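Residue numbers (the working numbering), protein chains in the order written: chain L, 96 to 795; chain P, 852 to 1445.
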């Protein structure tokens, strides 16, 4: 996807950080709103102090040296701006993406059809006038005017406007590839499409809204954290407000010094309230969504991203996710006095016309093992029998001249139950060896195909599911994260169990139907678990709607996409695992920065408290363990550190705290060490360095 | 510090932890309605009480009903105790013929005892009749403690009971089977009193009496002085009136129920309340043991005793650490004494250290132990005068209260307070491991955080706000006898004590004035009921949640790491709020002494 240059994003973010100073916007974030009020207050104090310092003491005496008030006010404004900048920067990426999406959503003239057939009367209508249920025609070179479902035709479509993938995809009526998206380009042939979304509600529009964060609602964890941060802010507000009477009492009782000034109290307040996490919180949330977008996943709700981190159970389709899409022949088992080579030859002949991956793999295996070349003899005279739902077997009839006897030869292959019936109906006995072989293959997770010649069983072909390389490690990984994996398959329980064992999933659902999937999900949910699943077919829709995190493939049908709360534009079923990690990262980043922010306070107390009461209680100097130069430099250093740390942590907020699948206990230990202990120590070092710089530059 | 002193503290901790399991297991049986060894004696009484008051044991209350019951019961307690003090002059068991207590003092005392604070603006032996002491103070000592325990048990039920949606997703009751019920307040109150507090109170009373504590109903005795003295008018004094009364029975429950309101004004420093070092030890143990054992009860009730041990471990680590800080501060002695030639080194004949305001029969270690335990638990009884502690020594009791009375804390209230800290610790830690935080399988969501935030917000707001008001208001300043940093500590201590339902006094502050009585009374009410109601609301929300099964992704809330994290959260939330105030009080005072 075309994105704006980095500098453009920065420029826009810089501009936005000023625009966001609008109090109506700031009020959404209580912590930073307090900082803004503090900035305004110190600015007013500065305005009051400047004339008094110029005109001498008589008029509106400033509480402090104007240079000091000015420096504090300046850095408080920086604190607010830095926080706004982080949010604007996080939004920037999404906005850039939204712009390029918007470019795809151009108003076009649609060829509206009077009836849902290609030859119906065409009327040219602006795409914005198309409504749900209307039917339109698109031909090579057209941009699709609206989301819809293909009801006739086959065509190749370039969906790069949505997915970023420029290789064309096939869209056709019926089946799982019938959904088309408005704004995509048809490259060849034609399609008749029924509109499924009114203008403004299409997939592209929803996507723009999501990436722009326009409709971003706070997620439950974010709301909870905001409440906690607001509570801390109120507590520190009270701490700082009450400090003024305490100070007045101390001055009176001790007969020394002057009460603490408003400027110092505001500085202390801003240092104590959790500005680091408060300032970065919106950016963390937006960046989390952005990470999904960059992995080509569109989350249709922020809640779903957060829920992804909580997922306990992953339901994964066997085919395509756990195993390679197709089964392959790995073995020929001859029965009775039949030679294996003879079986291989019959199997190969019967599969010559079979263009399915399974059929091709049989031909290849026979060639590899016995160097048989089915086509050597020429295919003249052969009649291939295609698989039909009625006969449930396929095969070939050979002309008489190739047979041993006078008549032709009839070779058939098919599923064991069908074939056994076929053999029996030909008046032959089914060899017990054959049954045994069938059973053995099924038990090992394979698919047996029985081959018969002229109604006599020759043997069995062993078709095997090929488990994807590395998938077992990924499941072990998930187990460590505390996530249970369940394989969903239409296979029989025996086959399913064998593949499940080979792939290392925790559980499986065999002979799955939409109903059993739904029941399974509800069962887990009743037990308090959160379930995630991927799906693409229409029959997945009910289960997707029930699952807590439901990822639909972009190639999937419209009902599946409607039922899901995330859409994977790459249509990669293993993406779910990455989505879970992004969800976890989002929460971890919030937790880590909260811990960091609060641990920072300890050092700030040591910097500010002795400084604030230096004139009343010089003994408190003993708490100035950092040896900061002067009270003014101490307070200013703490405020500067507080502002700079926001800038320093923006990359972390945008990137997220890295997640490793090591179990909760170790994660907590590591993060506490880095962000808790680190948060205690870092400000001591930072404040000291800033203080030394201020002294060196003669600013304090 | 001496070996004996250190060993006394160690012995206390060991005995406390050893008693937690047997007593905790017993209490779990009581609250879960299982058979106990005291059933033959107490079951008929319990049944009779239910019949008398028309209580049905199986009636479940949701959180609102439970809260209303607790509030109504407490309100009735305030009215009764107020009335009793006002009319005690007309009632029997009043050998000293004490008249009605003044309205404002009656109100203050009634509030104080019902809220389990037991702040005392009066001196027991010169104000209250025996009937008022027994029917008023002692009864409230039992039932205010039992109320705290009942609320805790309701909170625990909120965590353990759960609902699971039916397959149709309509939210039908799950294995918890009790809907939104948190139990029955009257049943929990009755069982707490009858099966737990009463038997233990009898036991402690008997130990105390065997050591010589006072227990009679006779009039005050007059004794001839061995050495005549003169009073302030110069008149010769040859006799002394010795106050007596039913002290031992009240003292036992005063400690067991973490109440702390003394029968005599000198509280546990008075030889008739606590005659020997043994009774002193028993009383410290009594005020700590139920709170500690309730942690085990909690673990038992949630079906995982590790959870209870973890919380107890956090409490005991904090408690022991601060006991040693206080002991160390006091054992080091007061540098100001040096100029008077006072020997402060420990020897066989000299306890050593700062003995000002301490009983010789208890010494330095035992006083530090008592001061820390009485403020860590919300008891507030004293066996030494905290005002005379070294600034750092006095900082310890102050800080123990400022942590929110959650290091053991009040019976019941301490643990539910600590569980709020656990929820906050779990919330932040849970985020750090990348999951929606959950505690014991219950998800911590915005409503829970809202209640928890309210609970940690109210106390510092009350204490800091009222202290600020008092140190600038003329009426507040008038009562400060020691100006300067120490005077500030005194005011801070008074509001910290009342704002946490502790009730101990630092002294040095004339707190029995209209100004302090009113502010303090409000602080006590806020602290008790503004905290109890959100706690029950939290339970009411938790009970409606599904239980999430444990997995490798679940944050373990019993590991040493989590215990350490919980301690850090308690300390940081406690310390960060009060650090500036403490810096201007005990901290600067200590620094100025050098």
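Glycine included, C-beta positions come from ideal geometry on N, C-alpha and C. In this text, all values refer to a predicted model and were calculated from it rather than measured experimentally.
So which residues on chain P does residue i lean against when the C-beta distance must stay under 7 Å?
{"i": "residue 575 of chain L", "result": "1403"}
{"i": "residue 407 of chain L", "result": "1402"}
{"i": "residue 231 of chain L", "result": "What residue 231 of chain L touches in chain P: nothing, since even the nearest Cβ is about 39 Å away."}
{"i": "residue 649 of chain L", "result": "Here the premise fails: no neighbours, minimum Cβ distance about 27 Å."}
Following the continuous beta strand (DSSP E) through residue i, name the residue where it begins and the one where it ends.
{"i": "residue 557 of chain L", "result": "551-562"}
{"i": "residue 1283 of chain P", "result": "Taken as a continuous stretch (DSSP letters only), residue 1283 of chain P belongs to no beta strand (DSSP E), being part of the alpha helix (DSSP H) at 1264-1283."}
{"i": "residue 1234 of chain P", "result": "Element bounds for residue 1234 of chain P: n/a, residue is neither H nor E."}
{"i": "residue 206 of chain L", "result": "204-208"}
{"i": "residue 1406 of chain P", "result": "Here residue 1406 of chain P belongs to no beta strand (DSSP E), and DSSP marks it neither H nor E."}
{"i": "residue 251 of chain L", "result": "249-253"}
{"i": "residue 478 of chain L", "result": "478-480"}
{"i": "residue 231 of chain L", "result": "230-234"}
{"i": "residue 267 of chain L", "result": "264-267"}
{"i": "residue 720 of chain L", "result": "Element bounds for residue 720 of chain L: n/a, residue is neither H nor E."}
Closer than 8 Å by beta-carbon distance: list the chain P residues that pair up with residue i, in chain order.
{"i": "residue 763 of chain L", "result": "1280, 1283, 1284, 1406, 1412, 1413 and 1416"}
{"i": "residue 680 of chain L", "result": "1285"}
Name the chain P residues that come within less than 9 Å of residue i, Cβ to Cβ?
{"i": "residue 177 of chain L", "result": "By Cβ distance, chain P contributes nothing, its closest Cβ being about 23 Å from residue 177 of chain L, past 9 Å."}
{"i": "residue 686 of chain L", "result": "1278, 1279, 1280, 1281, 1282, 1283, 1284, 1285 and 1288"}
For residue i, write down the residues that DSSP places opposite it in a beta bridge.
{"i": "residue 582 of chain L", "result": "L:411 and L:603"}
{"i": "residue 221 of chain L", "result": "L:204"}
{"i": "residue 543 of chain L", "result": "L:557"}
{"i": "residue 423 of chain L", "result": "L:559"}
{"i": "residue 1326 of chain P", "result": "For residue 1326 of chain P, which the question treats as bridged, DSSP gives no partner whatsoever."}
{"i": "residue 1290 of chain P", "result": "P:1293"}
{"i": "residue 630 of chain L", "result": "L:647"}
Between which two residues does the alpha helix (DSSP H) carrying residue i extend?
{"i": "residue 894 of chain P", "result": "890-904"}
{"i": "residue 1037 of chain P", "result": "1036-1042"}
{"i": "residue 568 of chain L", "result": "566-575"}
{"i": "residue 446 of chain L", "result": "435-446"}
{"i": "residue 1053 of chain P", "result": "1049-1061"}
{"i": "residue 959 of chain P", "result": "954-965"}
{"i": "residue 1179 of chain P", "result": "1156-1182"}
{"i": "residue 730 of chain L", "result": "726-750"}
{"i": "residue 995 of chain P", "result": "990-1011"}
List, in order along the chain, the chain L residues whose C-beta lies closer than 7 Å to that of residue i?
{"i": "residue 1347 of chain P", "result": "Here the premise fails: no neighbours, minimum Cβ distance about 13 Å."}
{"i": "residue 1297 of chain P", "result": "315, 318, 319 and 322"}
{"i": "residue 1397 of chain P", "result": "623"}
{"i": "residue 1423 of chain P", "result": "693"}
Counting only Cβ pairs nearer than 9 Å, list the residues of chain L close to residue i.
{"i": "residue 1428 of chain P", "result": "330, 331, 333 and 334"}
Starting from residue i, find everything on chain L with Cβ-Cβ shorter than 8 Å and list it in chain order.
{"i": "residue 1339 of chain P", "result": "341, 344, 345 and 348"}
With a floor of 4 residues, list each alpha helix (DSSP H) that falls wholly inside the segment 1344-1399 of chain P, ordered by position along the chain.
Taking 4 residues as the shortest admissible run, the segment 1344-1399 of chain P contains the following complete alpha helix (DSSP H) segments, listed from N- to C-terminal end: 1365-1376 and 1382-1393.
Any 3 or more C-beta pairs closer than 8 Å across the segment 712-719 of chain L and the segment 441-450 of chain L
Contact fails: fewer than three Cβ-Cβ distances are below 8 Å.
Between the segment 901-909 of chain P and the segment 1180-1189 of chain P, do three or more beta carbon pairs fall short of 8 Å?
Verdict: no, contact absent.
Cβ contact (3+ pairs, closer than 8 Å) linking the segment 243-251 of chain L and the segment 287-295 of chain L
Counting Cβ pairs under 8 Å, three or more are found: they touch.
Which runs of the alpha helix (DSSP H) spanning at least 4 residues fall entirely within the segment 1067-1124 of chain P, listed in chain order?
With a minimum length of 4 residues, the continuous alpha helix (DSSP H) runs that stay inside the segment 1067-1124 of chain P are 1098-1107.
What residue ranges within the segment 639-691 of chain L form continuous alpha helix (DSSP H) runs of no fewer than 4 residues, ordered along the chain?
Uninterrupted alpha helix (DSSP H) stretches at least 4 residues long and entirely within the segment 639-691 of chain L occur at 653-658, given in chain order.
Can you list, in chain order, the stretches of the alpha helix (DSSP H) that have 4 or more residues and sit fully within the segment 298-345 of chain L?
Qualifying alpha helix (DSSP H) stretches, in chain order: 298-307.
Report yes or no: do the segment 1235-1255 of chain P and the segment 976-986 of chain P share at least 3 C-beta pairs separated by less than 8 Å?
Two segments are said to touch when three or more pairs of C-beta atoms, one from each, lie closer than 8 Å; by this definition the segment 1235-1255 of chain P does not touch the segment 976-986 of chain P.
Using 8 Å as the Cβ pair cut-off and three pairs as the minimum, do the segment 207-222 of chain L and the segment 395-410 of chain L touch?
The segment 207-222 of chain L is not in contact with the segment 395-410 of chain L.
Cβ contact check for the segment 1058-1066 of chain P and the segment 939-952 of chain P: 3 or more pairs under 8 Å:
The segment 1058-1066 of chain P, when compared against the segment 939-952 of chain P, does not touch it at the 8 Å Cβ threshold.
Which runs of the beta strand (DSSP E), 3 residues or longer, sit entirely within the segment 361-396 of chain L?
Runs of beta strand (DSSP E) with 3 or more residues, each lying fully within the segment 361-396 of chain L, are found at 392-394, listed in chain order.
Does the segment 425-432 of chain L come into contact with the segment 675-687 of chain L, if we say contact requires no fewer than three beta-carbon pairs (one atom in each stretch) closer than 8 Å?
Touching, no.
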